[in-house]
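Residue numbers (this note's numbering), protein chains in the order written: chain X, 1 to 113; chain R, 1 to 111.
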C-alpha cells in the first residue's frame, strides 16, 4: 500500500518554464489537495478537489492549474514558473472534506532560478 | 486575526519533561481538530485528532479541546529527543471543505 505518491521529488526550473507535478493515491480517497510550504508561512492551500470531476481554488491559486484526472490522480501544473514559486509542494488526500485527517505525499522540492 | 494561530517557538524542554503546544482558531463552527508532526525535510504525519471537548489520550500524547475558548492543545509527556520536530495544528474551516494549518511550533527536546 503506497499511500500518496508524488513525482518528482526534486526539480529545478528556469523562469518561464512549465512543468507538471504528479500525485496519485491508492486509498480510494474522494478528496485531494495541493499545498505549498514556505519557511515561516506554514502550509497554504493552492487547489483542492473535493471529489472526482470537481476542483476549487484555495488560498494561493495564482500561477497554477490543476487536473483531477480520475479518482486516483490529481496533477498540479505551473504554466510559466516564477522565482516566487520556489517552495516545497505537498499533495494530500482524505476520505472527504476537512473533517477527516489527511495523508500526505513525500513532497516535491521545487527551485525556480 | 489568523484563522489558525500557533506560537512559532522554538519551545525547548528537557528530556523527560512535559511539552505543551497550543493552538487557537477563529471558526466557532469547527468540529474536528488535528495535530501533525513534521520532521525536518519530511512530510507532515497525523498524530492526533479530537472531536469532543475535553481530553483525548494516545500513549504519551494528550490532545485537549476547549470549544468555548476556541483553543486546542497537545501535551507530550516524557518528552524524548525523537519528539523534536515541528508540530502543526489543523482545523477545518469554511463549512469543513478543507483543512487550514497553523504555521507550526518548533519543539526541541534536549537530552
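The beta-carbon is built from N, C-alpha and C at its ideal position, and this holds for glycine as well. Computed from a predicted model, the values in this text were never measured in an experiment.
| Check | Outcome |
| --- | --- |
| Boundaries of the beta strand (DSSP E) in which residue 60/R is found, first to last residue | Premise fails: residue 60/R is in no beta strand (DSSP E) and is neither H nor E. |
| Proximal residues, the stretch 58 to 85 of chain R versus chain X, C-beta separation under 8 angstroms | none |
| Interface flag, residue 29/R vs chain X, CB-CB below 8 angstroms | no |
| Where residue 21/R meets chain X, residues with beta-carbon distance less than 9 angstroms | None at all; the shortest Cβ gap to chain X is about 14 angstroms. |
| Three-state secondary structure (DSSP) of residue 82/R | helix |
| C-beta contact flag for residue 12/X and residue 111/X at 8 angstroms | yes |
| Cut-off 6 angstroms between Cβ atoms - residues of its own chain near residue 3/X, not counting five sequence neighbours on either side | 103 |
| Burial state of residue 41/X (16 or more Cβ within 10 Å) | exposed |
| Segment limits, beta strand (DSSP E) that includes residue 65/X | 64 to 68 |
| Opposing strand residues paired with residue 32/X [DSSP bridges] | 49/X and 93/X |
| Beta-carbon neighbours of residue 65/X, restricted to chain R and to distances below 7 angstroms | Within 7 angstroms Cβ-Cβ: nothing; residue 65/X doesn't reach chain R, min ~18 angstroms. |
| Opposing strand residues paired with residue 22/R [DSSP bridges] | 73/R |
| Beta strand (DSSP E) segment containing residue 5/R, residue limits | 4 to 6 |
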